[in-house]
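**Student:** The letter at position 29 of the sequence shown is residue 28 when you use numbering that gives the first Met the number 0, and the numbering goes up by one with no holes. For glycine and all other residues, C-beta sits at the position ideal for the given N, C-alpha and C.
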Amino acid sequence: MNEMLLKKELAYISHKVYGRGLTQATGGNISVRVPGRDAILIKRSGVGLGEVTSEDVLLLSMDGEVIEGFGTPSKEFRFHLGIYQTRPDVNAVVHCHPNYSIGYACFGRELPLPTVTARKILEHVPIAGAAPSGSLELAENVTRLFETYPTIKSCLMEEHGICTVGDSLEKAYNIATLVEDTAKQSFIIEQLKATMPETVINSFKG
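(1) Measure how close the beta-carbons of K42 and S60 come, nearest whole angstrom, since I'm counting them as under 8 angstroms.
(2) Return helix, strand or coil for H123, following the three-state DSSP convention.
(3) In chain order, which continuous runs of the beta strand (DSSP E) of length 3 or greater are located wholly inside the stretch 0-68?
(4) Taking the continuous beta strand (DSSP E) assigned at V93, which residues delimit it?
(5) Which residues in the same chain as T181 place their Cβ atom closer than 6 angstroms to its Cβ, once the five residues preceding and following it in sequence are excluded?
(6) Between the stretch 43-58 and the stretch 10-24, can you find at least three pairs of beta-carbon atoms closer than 8 angstroms?
(7) So, P125 versus Y148, is the Cβ gap smaller than 8 angstroms?
(8) Can you tell which of M156, H123, A171, L9 has its C-alpha closest to the C-alpha of S134?
(9) Could you pull the DSSP bridge partners for C162 from this structure?
(10) Need the endpoints of the alpha helix (DSSP H) that E109 sits in, please.
(11) Using only the alpha-carbon positions, how far apart do F69 and D37 sit?
(12) Would you please state the rounded distance, in angstroms, between the beta carbons of F78 and C162? I believe it to be under 8 angstroms.
(13) Could you tell me the distance, in whole angstroms, from the CA atom of T150 to the CA atom of V164?
(14) Rounded to whole angstroms, how far is the Cβ of A104 from the Cβ of A171, which I believe are closer than 8 angstroms?
(15) Rounded to the nearest angstrom, what separates L168 and A129 at their Cα positions?
(16) Using only CA atoms, which one of K7, N140, E189 lies nearest to V51?
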């Protein structure tokens, strides 16, 4: 896929993330590796995911320099680059701020995986330690997780949001939706366990 088509796809996935309620205001950022080049495409800072056009997408070198486009890259570009450098299997990164996932992230908890689907696809969703947005510390915390666990597809970011990866933009987006749906399901399950007598819960298990 050429760079123009990748820019259009990045804008399309950005709109899907925003439309699905996975982020708010101008939060979140999405990137994709450019085939055949030591570079990525990433949205510029200051534009919301719901408003991204192909003109808002910058070509960024693996050293963090803007090669093409106007504006500055999203402030979280460092962990995007860190993931690409650590994980050659990753071609796309989605970072967003979904509500239920943030709930678990604010408690410093790894994401529970209560369903067969979540365990099969997500396998493990660790949590990166808290650090200021856009900081080198945050980039190191996130990158370290993807290096320590070389097969994970996602992580929570303490007090912040989630980061998901895939070999395409669509797959990274799908992982983000599964992470948030799993967080919501986990919350519901925990509420039911907290309010139902143990005898009732056991009766459901036959």
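**Tutor:** Per the coordinate set shown:
(1) Here residue 42 corresponds to residue number 43 of the sequence shown, with the count starting at 1. Here residue 60 corresponds to residue number 61 of the sequence shown, with the count starting at 1. 16 angstroms between Cβ atoms; not a contact.
(2) Along the sequence shown, one-based indexing puts residue 123 at 124. If DSSP states are grouped into helix, strand and coil, H123 belongs with coil.
(3) 28-32, 38-42, 56-60, 65-67
(4) Translated into positions along the sequence shown, residue 93 becomes position 94. Counting along the chain, the beta strand (DSSP E) containing V93 begins and ends at 91-95.
(5) Locating residue 181 in the sequence shown gives position 182, counting from the first residue. Closer than 6 angstroms at the Cβ level, and outside the excluded window around T181, lie A117.
(6) yes
(7) Against the sequence shown, residue 125 aligns to sequence position 126. Against the sequence shown, residue 148 aligns to sequence position 149. Against a cut-off of 8 angstroms, the Cβ pair of Y148 and P125 comes out as a contact.
(8) Position 135 of the sequence shown, counted from the start, is the residue given in the question as residue 134. Measuring from the Cα of S134, the nearest candidate turns out to be M156.
(9) Start at 1 with the first residue of the sequence shown, and residue 162 comes out as number 163. In DSSP, C162 forms a bridge with H94, C154.
(10) Within the sequence shown, numbered from 1, the residue matching residue 109 stands at position 110. That residue, E109, is in no alpha helix (DSSP H); it is neither H nor E in DSSP.
(11) Taking the first residue of the sequence shown as 1, we reach residue 69 at position 70. Taking the first residue of the sequence shown as 1, we reach residue 37 at position 38. If I take the Cα positions, the gap works out to 19 angstroms.
(12) Here residue 78 is taken as the residue at index 79 of the sequence shown, counted from 1. Here residue 162 is taken as the residue at index 163 of the sequence shown, counted from 1. Yes, F78 and C162 are in contact; Cβ-Cβ is about 7 angstroms, under 8 angstroms.
(13) For this step, residue 150 is matched to residue 151 along the sequence shown. For this step, residue 164 is matched to residue 165 along the sequence shown. Using only the alpha carbons, I get a separation of about 10 angstroms.
(14) The residue labelled residue 104 in the question sits at position 105 within the sequence shown. The residue labelled residue 171 in the question sits at position 172 within the sequence shown. Going by Cβ atoms, the distance from A104 to A171 rounds to 18 angstroms, so no, they are not a contact pair.
(15) The residue labelled residue 168 in the question sits at position 169 within the sequence shown. The residue labelled residue 129 in the question sits at position 130 within the sequence shown. Going from the Cα of L168 to the Cα of A129 covers about 26 angstroms.
(16) As a working mapping, residue 51 is identified with position 52 in the sequence shown. Closest by alpha carbon: K7.
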